[in-house]
Amino acid sequence: MSQLPSSSAVGEYSQTERETLIRLAHAAIDSALHDRPMDLTAPTPHLEEQRGAFTTLHLHGKLRGCIGYVLPVASLYKTVANTAVGAAFEDPRFERVKAPEAPELKVEISVMSLLFPIEPKDVEVGKHGLLISWNMRRGLLLPQVATERNWDAQTFLSETCRKAMLPVDAWQRGASIEAFTAEIFGE
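Using the UniProt record's numbering, read the sequence shown as starting at 1 and increasing by one per residue.
Next comes the structure, spelled out in structure tokens:
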């Protein structure tokens, strides 16, 4: 498995733990496809810690699904299993993954830091992900999105507003702006 560059300075997960989580994501998708129960025993104590995470699926280099939790809702290994199944079968932007596609899926996992308030001038493309909230609407973009699309910080802020179905300048008009970092790895 190749390792994607991390957008977190910490890099707290070992290569073995990263590979374990990627295998777990594939196993969860396979179990759901074939309606089989899955053993969700914690592989290591470190992976039992509660963390927010997103699982992103790619098929032949194109986005195939992405689901996650910015806040911790369960232990990391359970969150990865749940978000992998969600990305494969519940992302409303895509049809459900079919059995012939599953072996071709590439998994990317983003393990989230806690959210923190940030000023627009302090947003760093490639380091921060964003959550913008205003009037009951919220939009979130992972750190790698701005890098992959070659956006500057202002475009990143505007596109996060667009994702929330807000005016693209809402970040300049009082919307709440929070950031996070993520340890990102995949195959």
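Backbone N, C-alpha and C fix where the C-beta goes; we use that ideal spot for every residue, glycine too.
Secondary-structure assignment with DSSP links His58 through a beta bridge to Leu63, Lys106. One Cα belongs to Asp122, the other to Ser110, and the distance between them is close to 21 Å.
With a threshold of 16 other beta carbon atoms within 10 Å, Ser176 falls short and is exposed.
Residue pairing from DSSP places Ala53 in a beta bridge opposite Tyr69, Val111. Taking C-alpha positions only, Gly86 is separated from Cys66 by approximately 8 Å. In this structure, Ala28 and Ala84 form a Cβ contact; the two beta carbons are roughly 5 Å apart against a cut-off of 8 Å.
Per DSSP, Ile29 is one residue of the alpha helix (DSSP H) stretching across 15 to 33. For Trp171, the closest C-alpha among the options Thr181, Phe180, Thr160 is that of Thr160. The straight-line gap separating the alpha-carbon atoms of Leu33 and Ala88 is approximately 9 Å. The beta carbons of Ala102 and Asp35 sit about 14 Å from each other, so the pair does not count as a contact at 8 Å. Met112 is classed as buried because its beta carbon has at least 16 other beta carbons within 10 Å across all chains shown. Annotation: the continuous beta strand (DSSP E) that includes Ala179 extends over 176 to 180.
Taking 7 Å as the cut-off, the Cβ atoms of Thr55 and Ala25 count as close.
The Cβ atoms of Pro120 and Gly129 do not sit closer than 7 Å to each other. In this model, Leu57 and Thr155 are separated by some 24 Å (Cα to Cα). Rounded to whole angstroms, the separation of the alpha carbons of Arg93 and His60 is 17 Å.
Using a 10 angstroms sphere on the CB of Gly126, the tally of other CB atoms stays under 16, which defines it as exposed.
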